[in-house]
Each structure stands twice: as C-alpha cells, then as structure tokens.
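Numbering (our numbering), first residue to last: 16 to 227. Quick reminder that beta carbons are idealized off the backbone N, C-alpha and C, glycines included. As the structure is a prediction and not an experimental result, all values here were calculated from the model. These notes are about the structure you will find just below.
Shown next, in the form of structure tokens:
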C-alpha cells in the first residue's frame with residue numbers, strides 16, 4: 016500500500032484541528048520516515064541538517080538521515096540496496112563513477128547521480144580507522160579492533176542492546192576472556208566487560224591492526 020500517496024491526499028481533507036490531534040497521537044514527529052522535515056501547525060520547519068552522501072570522504076562514518084523519494088525510479092533503486100534513514104555507513108571509495116561504502120556491515124555501490132539523493136550526518140569517532148573489515152568473532156583473546164558496523168541481520172531488541180552497550184562505529188573493543196565452550200566470549204567495551212554469543216559476534220564488523 017502506498018501510504019505516502021494516501022497521506023498526501025489526506026492532508027487536504029483533514030482540518031487543522033484533526034491534523035494536530037493526529038500529530039499528537041504519534042508523538043509530534045519533526046521528520047517523516049524518509050527523513051523529510053514535517054512543518055508544524057504554524058508552518059515552521061526543523062533546521063536542515065546533514066550533507067549529500069556524495070560529499071563524504073573515504074574512511075568517514077555517517078548516519079543516513081534522509082532519502083529523497085522523488086524521482087521514484089531513483090528512490091526504488093536506493094530501497095533495493097536495503098538503505099534507510101538511521102542506517103550507519105562507512106565510506107570506502109569515492110570517484111566520479113561510483114561511491115562504495117559499507118552499510119551496517121554490507122558493501123554497497125551507488126553511482127553519484129543516485130547517491131546525491133541521500134543525506135547523511137557525519138559521525139565523530141573515538142579513533143580514525145582504515146583497512147578491510149572482519150567479524151568480531153575472529154578476534155583472539157587479547158586482540159583489539161575498531162567497530163565498523165552491525166549487520167542488518169541483527170534487528171530490534173538485539174540491535175538496540177548492542178548499541179546501548181556502546182558497540183557502535185568507531186568504538187574500540189577487546190576480546191578478554193573465552194569460556195570453556197568458547198561461547199560466549201567476554202569483550203571489553205568502553206571500560207565495561209560484556210558477554211556476547213558467537214551468533215552476535217559473527218554479525219559485528221570491525222578492523223584490526225593486522226588488516227590495516
């Protein structure tokens with residue numbers, strides 16, 4: 016169902032009072048699911064933020080904050096890559112012909128004409144990182160790595176828990192203790208020790224000293 020199209024029709028049917036009531040019921044959002052700003056009842060718009068994905072530099076990390084939904088042909092190509100607002104990315108390669116980046120641990124390639132329809136917010140990292148990525152489960156006890164991202168396969172509560180623990184792009188993580196069965200393994204993250212199952216560690220991507 017084309018909810019976006021239905022919403023555009025309904026905005027001309029609702030009275031201002033009905034629109035305000037509906038907005039209050041859903042928490043008065045300032046951005047729609049595509050990342051477009053939603054004007055207030057007074058017509059005020061939230062401050063525009065971010066920059067086009069095409070302006071990112073190699074090794075930079077960012078969050079996708081907006082995807083332009085027109086023209087529909089380009090928007091469909093972006094959705095086909097599995098990209099969405101809120102996704103974390105790391106730029107790998109920039110040229111006149113293509114933009115190559117890692118999105119939640121998976122490599123994506125877009126042409127500049129497609130990529131310019133995506134707006135990102137640059138993330139400030141604890142440390143600058145370079146090199147190819149591998150999974151957290153590959154770390155041996157005593158080894159350290161810098162988190163690049165979390166695979167899209169980890170969703171919902173599991174994903175939120177990892178992010179609450181500080182496992183986000185740019186964070187240093189160290190394998191500290193292996194259980195008798197090798198599952199789970201204890202990792203040091205931002206001064207705290209957390210236990211992760213191999214199934215989770217397999218879906219966390221990072222870079223280490225030996226693959227820089």
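query                                                                                                                  : result
How big is the Cα-Cα spacing for residue 49 and residue 83?                                                            : Low confidence applies here, because residue 49 scores a pLDDT of 49, under 50, leaving its location unreliable and the question unanswered by this model.
Using only alpha-carbon positions, find the residue among 76, 71, 172, 138 that is nearest to residue 130.             : 71
Could you give the residue range of the alpha helix (DSSP H) that holds residue 202?                                   : Element bounds for residue 202: not the alpha helix (DSSP H) but the beta strand (DSSP E), 200–204.
At the level of alpha carbons, what is the spacing between residue 138 and residue 35?                                 : 34 Å
Rounded to the nearest angstrom, how far is the Cβ of residue 157 from that of residue 190, given a contact under 8 Å? : 7 Å
Can you tell me which of 100, 136, 115 puts its alpha carbon nearest to the alpha carbon of residue 243?               : Residue 243 lies beyond the range of the chain shown here (16 to 227); nothing can be said about it.
Could you give the DSSP three-state label for residue 85: helix, strand or coil?                                       : coil
I need the DSSP call for residue 68, collapsed to helix, strand or coil.                                               : helix
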